[in-house]
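Those letters in the sequence shown? Residues 289 to 651, by our numbering. Think of the CB as a built atom: it goes at the ideal place given N, C-alpha and C, for glycine as much as any other residue. Bear in mind that the values here come from a model prediction, so they are computed numbers and not experimental data. Take a look at the structure below.
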Amino acid sequence: MPVILRQTGQQDQYSNTLVLGTGLKVEQTTDGLPQLSALATGGSDYYLAPSGGDDTAALRAAMYKGNRVRLGAGTFTLTDVIDVAEGVNIIGAGSGSGTSGGTSMTKINVSAIAQPAFRFGDTTQFAGLESVRLVGPGKTAGTKSAIMCSRSSTGVALARRLRFRDLHIEGFGEYGIFVEKCTQVDIDNVMVVNCAKGITLQGGGMYRAATVRLQGCEEGFAILNSGTAPTIGVVLDACEVEDCAFGFRLVQAQNVVLNACVTRATRGTGLNLNQTTGVVVNAFRSDASTGAFVNSSHFVIYNGSVGSVINGFTKVNNPGGVPTYEANVSAAAGPVYVSGHNFDTTKVASGGRFAETSFAALP
């Protein structure tokens with residue numbers, strides 16, 4: 289609420305000089321009265337509470353460079369895309385827990401719009417979204433992604449240093465989180481449920497994801513190329529994919545480390561490496577014991593992938609049947625070094641490239 293300075297008729301009792309602190313400016317109301325307003329340069333805390341109606345305009349008004357936009361507990365409504373400005377961090381009261389989320393959370397209901405809910409575009413940096421529950425109208429309702437971070441073909445700089453933490457994302461028609469040609473993106477403690485695709489990292493690099501869970505998506509975790517540009521430098525720590533068509537799929541990815549990652553009840557491959565370079569997998573588990581399908585394979589590597597090291601791979605077959613190949617590495621260009629696994633080697637298609645060894649024996 290702006291402060292209105294009104295003339296009282298006792299001008300001789302007051303100074304005619306008003307000293308303004310930083311972040312303030314003097315404007316006039318429509319009837320000519322002076323008023324104090326905040327400068328639109330950001331760099332401060334900006335508090336928003338749910339209006340009970342459409343909150344899109346209020347959220348857009350908060351997108352000034354450097355703002356910390358603090359969202360109160362309750363339910364917001366979003367009917368169009370929010371383009372997040374440089375340096376803006378949107379922080380809610382919590383993403384809730386369980387199916388309903390409870391009451392002490394910030395929930396944003398997103399309508400069926402033709403754009404992503406939150407877009408981090410060209411030159412956006414030092415920005416993020418945390419402690420929020422994003423709920424779309426359903427993965428078949430035509431809504432796009434919940435979060436999109438992407439540099440356009442005419443972008444002059446990478447979108448970089450983005451952080452997404454403590455989020456619950458549910459019911460979007462494309463991606464939960466889509467990142468393309470960005471750098472230094474951190475995804476921590478995020479759950480994506482019932483979206484067409486979970487999380488996709490495409491081009492760029494220096495990405496990290498930890499304690500991420502994807503459930504009920506057509507595709508789980510994908511690390512892909514963007515045109516001819518590979519994704520370089522990714523670390524996944526304790527990430528889980530459950531009841532998705534695919535688990536972890538890597539295409540032309542380079543220098544990737546997966547630590548203690550798990551797939552459960554996937555209908556396709558648990559871990560799929562395609563034209564990758566320098567992928568290290570530590571303590572991976574592909575568990576098909578609770579799914580309704582016999583997955584196609586626990587582990588597939590092909591199309592000239594090189595420099596792959598698997599240090600600990602545990603597979604659990606579906607009680608209803610065993611895949612034709614528990615692992616298939618026959619199309620890999622070089623050896624796949626494996627230490628510590630429980631594959632039935634009679635169900636490994638390797639063409640001699642499946643080299644059981646230990647780290648001490650690696651060249």
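By DSSP, does residue i sit in helix, in strand, or in coil?
| i | result |
| --- | --- |
| residue 519 | coil |
| residue 365 | strand |
| residue 634 | helix |
| residue 345 | helix |
| residue 350 | coil |
| residue 452 | strand |
| residue 649 | For residue 649, the pLDDT reaches just 40, beneath the cut-off of 50, and the residue's location in the model is therefore unreliable, leaving the point undetermined. |
| residue 400 | coil |
| residue 497 | strand |
Buried or exposed for residue i, please, with buried defined as at least 16 other CB atoms from any protein chain shown within 10 angstroms of its CB.
| i | result |
| --- | --- |
| residue 439 | buried |
| residue 343 | buried |
| residue 564 | buried |
| residue 376 | buried |
| residue 630 | exposed |
| residue 551 | buried |
| residue 402 | exposed |
| residue 404 | buried |
| residue 575 | buried |
| residue 453 | buried |
| residue 327 | Low confidence applies to residue 327: its pLDDT is 47, below 50, so where it sits in the model is not reliable, and the reading given next is rough at best. Under this definition residue 327 is an exposed residue. |
| residue 310 | In this prediction, residue 310 scores a pLDDT of 44, lower than 50, which makes its location untrustworthy; the coordinate-derived value is nonetheless stated afterwards. Classification of residue 310: exposed, given that the 10 Å Cβ count is below 16. |
Let me check one thing: in DSSP terms, what residues is residue i bridge-paired to?
| i | result |
| --- | --- |
| residue 536 | 509 and 559 |
| residue 437 | 408 and 467 |
| residue 572 | 601 |
| residue 657 | In the structure displayed, the chain extends from 289 to 651; residue 657 sits before or after that span and is not available. |
| residue 462 | Note: residue 462 sits in no beta bridge, so no partner. |
| residue 627 | 599 |
| residue 544 | 522 and 567 |
If you measure between the beta carbons of residue i and residue j, is that distance less than 8 Å?
| i | j | result |
| --- | --- | --- |
| residue 334 | residue 357 | yes |
| residue 459 | residue 423 | yes |
| residue 514 | residue 469 | yes |
| residue 566 | residue 600 | no |
| residue 555 | residue 528 | no |
| residue 416 | residue 451 | yes |
| residue 654 | residue 569 | Summary: the structure shown does not reach residue 654, with the chain confined to residues 289 through 651, and so no result is reported for it. |
| residue 359 | residue 336 | yes |
Give the C-beta separation of residue i and residue j to the nearest angstrom, bearing in mind that I take them to be a contact with Cβ-Cβ under 8 Å.
| i | j | result |
| --- | --- | --- |
| residue 491 | residue 510 | At roughly 12 Å, the Cβ-Cβ gap does not stay under 8 Å, so residue 491 and residue 510 are not in contact. |
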